[in-house]
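Protein chains in written order, with numbering that gives the first Met the number 0: chain A, 0 to 475; chain B, 0 to 475. Each residue gets a CB set at the ideal place from its N, CA and C atoms; glycine is no exception.
Number of protein chains: 2
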Amino acid sequence: MSDPRFSEPSQAIQHIQAMINRNDVVEAWLHKQNQQPKHALVESLTHRQHLAELELLINRLHPADIALLLESIPPEQRGIVWHLIGDEHAGATLLELSDSVRHEVVSASETEDLTAAAQHLESDEIVDLVQELPQDVIPDLLSSLSEEERQQVRSAMGFPEDSVGAWMEFDLPVVRDDISLDVVLRFFRRQGELPQNAGKIMVVDDNGLLKGTLALEDLLTKSGDIPISEVIDTNPLSFHTRDSAEEAASSFERYELIVAPVINAHGKLVGVLRVSALLDLIDEIAQRKVLLQAGLNREENLFDPISKSAKNRWPWIALNLLIVFIASRIIDQFDAIISQVVTLAALLPITANIGGNAGNQVVALVIRGLATKQLDRSNRLQLVKKEFSVALVNGALWGTVTGIITLLLYQDLSLAFVMLLAMFCTMLFAAIIGVGIPIALKSLGQDPALGSSVIITGATDTLGFLIFLSLAVAIL
Amino acid sequence: MSDPRFSEPSQAIQHIQAMINRNDVVEAWLHKQNQQPKHALVESLTHRQHLAELELLINRLHPADIALLLESIPPEQRGIVWHLIGDEHAGATLLELSDSVRHEVVSASETEDLTAAAQHLESDEIVDLVQELPQDVIPDLLSSLSEEERQQVRSAMGFPEDSVGAWMEFDLPVVRDDISLDVVLRFFRRQGELPQNAGKIMVVDDNGLLKGTLALEDLLTKSGDIPISEVIDTNPLSFHTRDSAEEAASSFERYELIVAPVINAHGKLVGVLRVSALLDLIDEIAQRKVLLQAGLNREENLFDPISKSAKNRWPWIALNLLIVFIASRIIDQFDAIISQVVTLAALLPITANIGGNAGNQVVALVIRGLATKQLDRSNRLQLVKKEFSVALVNGALWGTVTGIITLLLYQDLSLAFVMLLAMFCTMLFAAIIGVGIPIALKSLGQDPALGSSVIITGATDTLGFLIFLSLAVAIL
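Shown next, in the form of structure tokens:
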């Protein structure tokens with residue numbers, strides 16, 4: 000997998016970067032590309048040696064690491080590395096690249112290079128890549144595939160992004176259900192290979208209907224003359240092409256699956272889901288929570304068109320505006336005292352802001368608790384009690400700190416006392432709201448993270464202003 | 000895995016819940032427990048039949064589903080279900096339970112029941128469970144293990160929570176490196192079983208030093224008389240017990256691993272890491288981002304002691320307080336105009352609040368982009384441009400909306416114009432800061448999510464007040 004001289008891929012990458020930065024390699028490459036007349040013969044030989052070493056080093060890296068290398072070097076050097084990657088790694092590297100670098104590499108490549116790279120990929124990988132390739136490459140690429148692969152690519156492209164069909168893979172070992180273990184063993188011996196991390200052999204009947212799965216572990220340990228039907232798991236967890244990929248991923252987590260069959264509406268085996276593919280999805284799902292919490296549509300991508308991104312944020316801006324105008328109306332009711340004590344206007348944001356952030360901390364904790372299922376109906380009240388106690392401690396402490404700062408700034412003991420009390424009360428409310436909002440969202444069938452940051456800020460602002468100004472009226 | 004009558008585990012769970020809610024089963028169980036005199040013989044027979052059916056249904060469920068069942072029924076019914084679980088599932092079910100329900104179940108159980116349940120677990124699972132068991136159960140449990148298992152449990156308990164050692168498993172197939180494939184095959188045939196999802200066989204020398212791994216796929220397809228050393232991967236990606244589990248998880252994602260050997264400081268094979276265990280960790284890591292963003296220490300747990308939770312939040316509250324007092328000082332500088340136009344105090348929070356939330360949306364997007372590596376040095380500027388354009392559109396649109404609402408509320412055209420302009424400028428600044436903060440945190444070697452929510456709110460508050468009040472002074 001890696002050069003034995005380097006204990007870590009990152010060391011190999013750094014070494015390669017240093018090599019590229021030595022000008023002679025770049026020069027040697029340019030010579031080779033442009034067939035320019037060579038300088039001194041000796042110099043050129045060294046250059047070519049370096050180039051060959053570079054090529055060797057690059058192709059010893061895992062495609063994920065080649066992609067990282069491409070991403071971390073300046074654009075003008077990417078052409079060199081890209082052209083030194085062997086065809087057998089080029090396609091896999093393309094799949095691992097970030098969108099922007101992939102786009103750049105693809106635009107700068109010849110059609111035949113891209114077709115050659117894609118030919119070393121499995122059908123499901125080609126599907127992922129096809130959407131990123133220029134239109135004129137696709138017919139060439141499709142015509143280079145076998146009829147079976149072409150059909151797999153076409154059908155997989157028809158599945159929605161978040162369905163099992165879009166995440167399934169096609170390189171799976173399949174056997175018929177009417178043979179013995181011995182026959183299965185001989186069959187794969189003759190074939191001479193099994194897909195990497197195959198894990199399980201799929202078992203179907205004459206019509207291609209899924210009958211069960213055979214774990215490689217069982218095939219290895221059970222003796223050979225017994226019929227396959229006696230050994231297979233006849234009721235494996237399987238998925239339909241139209242099932243939600245997100246739910247499939249959570250089943251993989253729940254039941255510790257490595258591979259599971261995918262069937263179509265007629266029960267025919269059409270592919271497999273592998274844990275390696277779903278790892279990416281699981282990561283993606285968790286990342287989405289961060290977006291949801293900030294009030295972003297889950298489908299927003301980093302480089303979506305401006306009009307789409309702008310619209311995407313409207314619902315939450317609108318809700319936010321509504322809440323903050325309500326908070327504003329509350330302040331407006333207290334204009335008499337504010338015109339008497341203008342300082343109140345300056346102190347107004349302090350308790351509301353601290354309350355908002357304290358509330359956000361609680362929200363984050365609750366969202367995680369709900370996601371990991373640590374928080375459930377049985378211990379909700381316990382959490383409310385605990386967060387209330389934390390707020391009692393922190394409210395008293397930071398209320399006092401705020402009171403002292405206010406006293407130092409304005410030499411007004413009543414004002415300092417108002418600040419202390421307001422901070423204390425606002426933090427208590429923030430704790431309760433912070434626990435309540437995600438749980439309420441979940442009870443309403445929504446994602447508990449959905450816009451919770453907008454809601455908590457609005458709620459603590461409104462309450463914070465009300466508490467602070469009411470206390471000011473009462474005490475000052 | 001599940002009762003053929005139910006296509007989904009959730010259906011089976013609902014059916015079981017309905018059965019428990021029929022009083023006769025509970026009664027039958029109480030009879031059985033307390034050896035109370037039975038009512039009518041016929042009635043009791045039906046009851047016992049129901050109880051047997053219930054037991055059958057429960058034990059057909061996956062332990063993860065039994066745990067879900069226990070979590071979703073009222074506490075007073077948990078005892079029944081818990082006692083109907085067979086010993087072979089009880090330990091695994093305990094591991095799947097939420098902390099609070101596990102605590103409840105464990106407290107209500109007899110020592111011998113817990114020991115019996117734990118005996119069906121692997122050493123690594125016992126390690127996870129031991130920390131949750133009452134002190135008096137542990138000696139009994141340890142003495143029921145084999146010497147080898149006891150050592151595994153003791154050594155694994157010594158590893159820090161976030162190390163590979165704490166996540167490794169011990170049930171792994173191992174062979175010596177000086178035999179042929181045929182011998183390996185015969186060895187496992189004779190053993191009659193391999194761990195579930197073993198995936199790879201570990202190969203060691205006489206001294207237990209790791210020499211390589213043998214994929215089950217290769218063992219199945221290669222012919223039998225060749226020495227194992229010719230087939231094994233002699234340079235597999237392996238981990239040290241002291242390596243970071245988080246980095247191991249990201250290697251699993253990166254290189255699509257299913258299983259990898261774990262070695263100690265002397266190169267001796269001591270266990271394996273499996274993707275199924277790391278799935279939980281990957282999920283946990285992603286969840287932590289949510290906490291970090293809100294300014295929470297990554298180690299905070301839902302039910303940590305109050306003093307620990309309270310202290311955990313101090314650094315960010317302190318920073319927050321500092322920033323908001325700076326914002327307050329800015330408002331204080333404008334006391335002349337506020338005392339002239341008291342309405343300004345009421346309108347003050349509006350632009351700052353909208354700016355804070357708009358900034359949070361951008362931050363969430365950038366954090367995700369950095370985590371998925373879609374955002375890198377090459378396209379940062381492109382993102383700044385895009386977010387600036389989105390802010391231009393949304394600033395103009397929502398600035399106008401805000402202006403119109405202000406006009407309707409106060410019938411003051413200049414004031415409405417101040418609001419429109421302030422909203423527009425604040426949203427532009429929020430976009431730039433929103434892209435800048437996570438990227439700056441990352442450049443400083445910090446997690447880009449670290450406290451970003453606190454920082455962005457502070458920055459937009461300060462700027463929002465300054466912009467709004469300066470515009471008020473200039474225009475009103």
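For the region 45-64 of chain B, the residues whose beta carbon sits under 9 angstroms from a beta carbon of chain A are, in order, H61, A63, D64. By the neighbour-count criterion, in which a residue is buried when 16 or more other Cβ atoms sit within 10 angstroms of its Cβ, A:T92 is buried. DSSP, reduced to helix, strand and coil, places B:A344 within a helical segment of the structure shown. For B:T220, the nearest CB of chain A lies under 8 angstroms from its own CB, placing it at the interface with that chain.
Per DSSP, the beta-bridge partners of B:T212 are B:M201, B:D232.
By the CB criterion at 8 angstroms, B:I353 and B:L465 fall outside the cutoff.
Look at A:L449 here: in three-state DSSP terms it is coil, with no helix or strand label. Rounded to whole angstroms, the separation of the alpha carbons of A:G435 and A:R379 is 9 angstroms. Judged by DSSP secondary structure, A:I262 falls within the beta strand (DSSP E) whose first and last residues are 258-262. By the 16-neighbour rule on beta-carbons within 10 angstroms, B:D282 is buried.
With respect to the 8 angstroms criterion, A:I337 and B:V417 are not classified as neighbours on the basis of their beta carbons. The Cβ of B:N263 sits no closer than 8 angstroms to any Cβ of chain A. Exposed is the label assigned to A:E111, since fewer than 16 other Cβ atoms lie within 10 Å of its Cβ. Straight-line spacing of the CA atoms in B:V129 and B:I231 works out to 37 angstroms. A contact is defined here as three or more CB-CB pairs under 8 angstroms, and the region 274-281 of chain A meets this definition with respect to the region 242-262 of chain A. By the neighbour-count definition (other C-beta atoms within 10 Å, threshold 16), B:V203 is a buried residue. Contact of A:E192 with chain B by beta-carbon distance below 7 angstroms involves T220. Counting along the chain, A:G398 sits inside the alpha helix (DSSP H) bounded by residues 379-409. Any Cβ of chain B closer than 8 angstroms to the Cβ of A:P260 would place that residue at the interface, and such an atom is absent. Under the Cβ criterion of 8 angstroms, A:R21 is not counted among the residues facing chain B. Taking all protein chains in view, the Cβ of B:G223 is surrounded by fewer than 16 other Cβ atoms within 10 Å, so the residue is classified as exposed. Around the CB of B:G368, 16 or more other CB atoms lie within 10 Å, so the residue is classed as buried. At a cut-off of 8 angstroms between beta carbons, A:R185 makes no contact with chain B. Cβ neighbours of B:F158 within its own chain (closer than 7 angstroms, five residues either side excluded): G164, A165, T240. The region 299-316 of chain A makes contact with the region 385-394 of chain B: 3 or more CB pairs, one atom from each, lie closer than 8 angstroms. Checking the DSSP bridge columns, you'll see A:K267 partnered with A:L208. In the displayed model, B:R312 falls within coil according to three-state DSSP, outside both helix and strand.
When the beta-carbon positions are compared, A:L462 and A:T425 come within less than 8 angstroms of each other.
Between B:I225 and B:S179, the C-beta spacing is below 8 angstroms. Cβ-Cβ distances below 6 angstroms link B:K199 to T212, A214, V258 in the same chain, with the five nearest sequence neighbours on each side left out; the list follows chain order. At a cut-off of 8 angstroms between beta carbons, B:D242 makes no contact with chain A. Contacts with chain B at 8 angstroms (Cβ-Cβ) include A:R367.
In this structure B:I403 is exposed. Its beta-carbon is surrounded by fewer than 16 other beta-carbon atoms within 10 angstroms. Where B:R175 is concerned, the enclosing beta strand (DSSP E) starts and stops at 173-175.
Using beta-carbon distances, B:L171 does not count as an interface residue toward chain A, since no partner is under 8 angstroms. Look at A:S237 here: in three-state DSSP terms it is coil, with no helix or strand label.
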